[in-house]
Amino acid sequence: MIFLKLILTNLRRHRIRSSISIAGIAFSVAAMLTVVTVLQGAIGMFSGILSSDSEIIVFERNVSDLFFSNVPVTAARDIAGWPIVLHADPVLFGIVSSADHPIITCFGVTPADARIRKATWLQGDHATFAQHADDVVLGERAAEFLTARLGSQVQIGHRNFHVIGVLKTANGFEDGGVFMPLSAAQDFFHKEGSSVITIKLRNKDDATEFKNLVKKNYPNLIGLEDSEFTQSYSQFKILKATAWAVGGCGLLLGGLGVANTMIMSVFTRIREIAIVRVNGFSDAQVAAMIFGESAVVSVLGALAGLTVGTCFLYALKLIPALHGYVDVAIEPWVVLIVIALALITGIAGALYPAFYAMRIRAVEALRFE
Amino acid sequence: MKTVVSAQDVWKSYDAGAIAVLKGVNFAATEGQTVALCGPSGCGKSTLLHLLGGLDQPDRGLVHVNDVEISRNRGALRLLRHEVGFVFQLHNLIPDLTLQENCLIPSFAAGTDRTEALARLWHLAARTGVSHRLDQRIQKLSGGERQRTALCRALMNKPRILLADEPTGSLDEETSGTVFQLLLDVVATEGVTLVMATHDRGLAQRCDRVVEMRDGRIHEPGSG
C-alpha cells in the first residue's frame, strides 16, 4: 500500500509529464494495434478466399506471389480425378483497373466454384454464370463503386463486360471483386492455366497423402493445407513483419518517452529516494519503486492505447471505401503481445533511471535541496 | 553494560583525502545510554553518526553495531533496518504522504506485517502526542509535530540504537525543549541507546554522557 502510494504520489505530483508519457505509450500501442489488426484482417480475408470450401491449395512452387503462379489446366483436370479428391477448383487471380478504380481484383472461376455457388446472389442467378465469355458477376461493393447493376455494361481494363449478377459475400476482397468465367479470365489475362487449385478432399485425413501425390506427380507444384499456407506464404510473412516492425518503432519512441520521464522523475526526487533509503529501503526496493512507476505508466498507456486503437479501427470500418476490408476482430493474443511489449518497453525505459536511483548515496542526497 | 555501537580508529575524508573529517576516532555507546556529541560545525559529529548508522563507510577503521562489523560488510546493512533509527535536523519526511504513511515506510522496508506496524505506530503516536494527526499530510503539521513524526518513524522497527543529528536544531527554544524531553522519555521507555549530535550544551547536559569533538577527534577522558 505504502509502496503503491509512493509510486502514484510521484505520478500525481507531475501530472502533465506523466500524462504526456502515458499518451506516448498509448499512441504507440494504438498504432501497433491498428496496423497489426488491419493486416491480420487482410491476411485472414485473403486466406478466406483460398480456403472457401476447401482444405488444400495447390500452386506453383517457389513463386513469390500467387498472382505469378501458373498451374496447368491439365494438372487441374488430373487432380480432380484422383480418388481421394472430392472436388478441385481452379482459380485465376488477376488485378485490373477501371476508369476511377486503379485496383480491382478479378477471380476467374468455374461455375462449380464455392465462391459463387455459396454466395448470396443479390441480383441475377447462379445458373446463368459462364454462359458467355463477356459475362461478369460483381461483388456488392464492386457494383457500388462501378455504379453497375444487373444488365449493366462495365469497362474493366480495356474491355466491356456484361453484368449478369451481383453477389454479397462476407469477404472484403470478394465483395470488391469481379468474378468471370475461368476461360474468359485466361483469355483476358493471357494465361493458359490458373493461379491456384483449391482442393476439397473426401477425407481430411488424406491431406498428407495428397501433398505427397502432388510432389510426386507435379514437382513444379506444391500443395499446402490452409493453415500451412497462411504461415508460409512469403507475402503474408512480409506483411506481418512490416506490421510488427512499424508497431515496434512506435513503441520504441514511446519507450524513449518513458525513459525520459523516468530519468526526470529520479532527478527530481533524489532527496525522497534518500529518505526511503535512510529508512531501510534496499537497492531492490528502490529499483522496484522506479520500475513500478514505469509499469504504471506503461499499463495505463497500453489500456488507453487499446481503447483508442479499437475506436480507430471501428472508425476505419465505417469509411465506405474501406468497407469489408477492415475486420475489427482484435485477437486476444495481439492484445496480450501489445500489453507485454508496452510493459517491456516501459521497464527497459526505466533501466537506467533505476540503476541511477540505486546508486544515490543517502548521505549526500539528504543535503540536496 | 553491553556495547551496542562502536567505532575503532575510524578515519574519513572527502575529496580524495583533501578534506579529513575524522582522524582516528574511537567511540562506544552502551545499551540504553544517551550520548551527546558536541563540538563546532565541521568537527565531524554528523559524519560519525552516518558511519555508526551505516549510511557511509569509513576510509579506515571498524564500526560495529551489536557485534556485527558493518563498515566493510554490505550484507550487514540489511540488519541495520531493525537495529538503527535516524532523526535528522530537517525532519526528512515525504511531504505528499500523511503522517501515518511516512511512519510506515521503515516497516514496509523491513517487511513487517501491516497490522503489527499499525499497532506499533498507534502506540508511538500516542506516546509522542500526534495520534490526532495521523491522516494529516506533512505540509499541514507544525515543526514540532514533524519532528515528533520523525521520532515515531525512527522508532517504528524497534531499533536498539537511535542516531539523532541536531534533532531540535530547526525548532524554537520552547518546542525544542519539549521535543527533546519527549525524545529522552521515549528512548528511556523503549530502552534505546541514543547518540545525538548537537550544538546545544543545555540539551547535551541532559544526556548520560557528553563527548566533545574537535577537528575530527574525540576529546573525552579515556577516548582517542
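So the protein lines, in turn, are chains A and B.
Heads up: the first sequence at position 240 corresponds to 246 in our numbering, and the numbers run straight through without jumps.
Heads up: the second sequence at position 92 corresponds to 107 in our numbering, and the numbers run straight through without jumps.
We put the CB at the ideal spot given by N, CA and C, even for glycine.
Cβ distance (whole Å) where residue i is taken to contact residue j below 8 angstroms
| i | j | result |
| --- | --- | --- |
| B/A179 | B/L198 | 7 angstroms |
| A/D119 | A/D84 | Not quite, the Cβ-Cβ distance comes to about 18 angstroms (not below 8 angstroms), so this is no contact. |
| A/S58 | A/S201 | Contact flag wrong, Cβ pair sits at about 14 angstroms. |
| A/P117 | A/A86 | With 8 angstroms as the limit, A/P117 and A/A86 do not qualify as a contact, their Cβ atoms being about 14 angstroms apart. |
| A/K11 | B/E116 | 6 angstroms |
| B/V36 | B/T62 | 5 angstroms |
| A/A251 | A/T175 | Actually they do not touch by this definition, with Cβ atoms about 32 angstroms apart. |
| A/L319 | A/V340 | No, A/L319 and A/V340 are not in contact; Cβ-Cβ is about 11 angstroms, not under 8 angstroms. |
| B/L166 | B/V201 | 7 angstroms |
| A/A293 | A/A360 | 4 angstroms |
Residue j beta carbon less than 8 angstroms from that of residue i
| i | j | result |
| --- | --- | --- |
| A/R23 | B/D111 | no |
| B/I85 | B/L114 | no |
| A/W260 | A/I31 | Before going further, note that residue 260 of chain A is Gly rather than Trp in the sequence given. Cβ distance < 8 angstroms, so A/G260 and A/I31 count as in contact. |
| A/A82 | A/G253 | no |
| A/Y362 | A/V284 | no |
| B/L52 | B/V210 | yes |
| A/L144 | A/V115 | no |
| A/L45 | A/F235 | no |
| B/V19 | B/N81 | yes |
| A/G409 | A/A148 | Summary: the structure shown does not reach residue 409 of chain A, with chain A confined to residues 7 through 375, and so no result is reported for it. |
| B/V102 | B/L94 | no |
| A/G146 | A/L128 | Per the sequence shown, the amino acid found at residue 146 of chain A is Glu instead of Gly. Yes, these two residues count as a Cβ contact at 8 angstroms. |
| A/R277 | A/A371 | yes |
| B/S21 | B/H97 | no |
| B/T164 | B/H106 | yes |
| A/I62 | A/L245 | no |
| B/A10 | B/E181 | Because chain B spans 16 through 239 in this model, residue 10 of chain B falls outside it and cannot be assessed. |
| A/V305 | A/L39 | no |
| B/F195 | B/L218 | yes |
| A/T111 | A/F179 | yes |
| B/G159 | B/L136 | no |
N-terminal and C-terminal residue of the beta strand (DSSP E) that residue i is part of
| i | result |
| --- | --- |
| A/I90 | Per DSSP, A/I90 belongs to no beta strand (DSSP E) and is neither H nor E. |
| B/A179 | 176 to 180 |
| A/T204 | 202 to 207 |
| A/F185 | 184 to 187 |
| A/I361 | Here the sequence assigns Phe to residue 361 of chain A, which means Ile is not the residue at that position. Taken as a continuous stretch (DSSP letters only), A/F361 belongs to no beta strand (DSSP E), being part of the alpha helix (DSSP H) at 357 to 364. |
| A/F167 | 165 to 174 |
| A/L152 | Where A/L152 is concerned, there is no enclosing beta strand (DSSP E), given that its DSSP letter is neither H nor E. |
| A/V142 | 141 to 145 |
| B/G100 | 99 to 102 |
| A/G178 | Run containing A/G178: none in the beta strand (DSSP E); it sits in the alpha helix (DSSP H), 178 to 181. |
| A/Q129 | 126 to 130 |
Bounding residues of the alpha helix (DSSP H) (the contiguous stretch that carries residue i)
| i | result |
| --- | --- |
| A/Y320 | 289 to 324 |
| A/N223 | 213 to 223 |
| A/R277 | 276 to 284 |
| A/D413 | Since the first residue of chain A shown is 7 and the last is 375, residue 413 of chain A is not available in this structure. |
| A/E66 | Where A/E66 is concerned, there is no enclosing alpha helix (DSSP H), although the beta strand (DSSP E) it sits in stretches over 62 to 66. |
| A/V44 | 21 to 56 |
| B/V145 | From DSSP, B/V145 is part of no alpha helix (DSSP H); its letter is neither H nor E. |
| A/Q137 | Run containing A/Q137: none; DSSP gives neither H nor E here. |
| A/V334 | That residue, A/V334, is in no alpha helix (DSSP H); it is neither H nor E in DSSP. |
| B/Q162 | 158 to 170 |
Counterpart residues of residue i in DSSP-defined beta bridges
| i | result |
| --- | --- |
| A/I101 | A/T111 |
| B/C53 | B/T213, B/E227 |
| B/A44 | B/V20 |
| B/R152 | B/T113 |
| B/E84 | B/H79 |
| B/S28 | B/A35 |
| A/W250 | DSSP lists no partner for A/W250. |
| B/I233 | B/M228 |
| B/T208 | B/I176 |
| A/F273 | DSSP lists no partner for A/F273. |
| A/Q161 | A/N166 |
| A/L227 | A/E66 |
| A/V369 | A/V369 is not bridged to any residue. |
| A/V77 | A/S200 |
Quiz item: Would you call the segment 198 to 213 of chain A and the segment 36 to 50 of chain A in contact, with 3 or more CB pairs under 8 angstroms?
Solution: At 8 angstroms Cβ cutoff, the stretches do not touch.
Quiz item: Taking one C-beta from the segment 139 to 152 of chain A and one from the segment 91 to 103 of chain A each time, how about it: are there three or more such pairs within less than 8 angstroms?
Solution: The answer is no - the segment 91 to 103 of chain A does not touch the segment 139 to 152 of chain A, with fewer than three Cβ pairs under 8 angstroms.
Quiz prompt | Three CB pairs or more closer than 8 angstroms across the segment 227 to 234 of chain A and the segment 262 to 277 of chain A | solution = No, because fewer than three Cβ pairs between the segment 227 to 234 of chain A and the segment 262 to 277 of chain A fall closer than 8 angstroms, the two stretches do not touch.
Self-check item: Any 3 or more C-beta pairs closer than 8 angstroms across the segment 59 to 73 of chain B and the segment 34 to 47 of chain B
Solution: Touching, per the Cβ criterion.
Exercise. Give a yes or no on contact between the segment 351 to 371 of chain A and the segment 19 to 32 of chain B, applying the rule of three or more CB pairs nearer than 8 angstroms.
Key: No: the two stretches stay apart, fewer than three of their Cβ pairs being nearer than 8 angstroms.
Exercise. Inspect the CB distances between the segment 156 to 174 of chain A and the segment 62 to 71 of chain A and report whether three or more fall short of 8 angstroms.
Key: The segment 156 to 174 of chain A makes no contact with the segment 62 to 71 of chain A: fewer than 3 CB pairs, one atom from each, lie closer than 8 angstroms.
Quiz item: Contact between the segment 119 to 134 of chain B and the segment 171 to 185 of chain B: three or more CB pairs below 8 angstroms?
Solution: Of all C-beta pairs linking the segment 119 to 134 of chain B to the segment 171 to 185 of chain B, three or more are shorter than 8 angstroms, placing the two stretches in contact.
Quiz prompt | the segment 300 to 307 of chain A touching the segment 340 to 358 of chain A, judged by at least three CB pairs closer than 8 angstroms | solution = In this structure the segment 300 to 307 of chain A touches the segment 340 to 358 of chain A; the number of beta carbon pairs closer than 8 angstroms is three or more.
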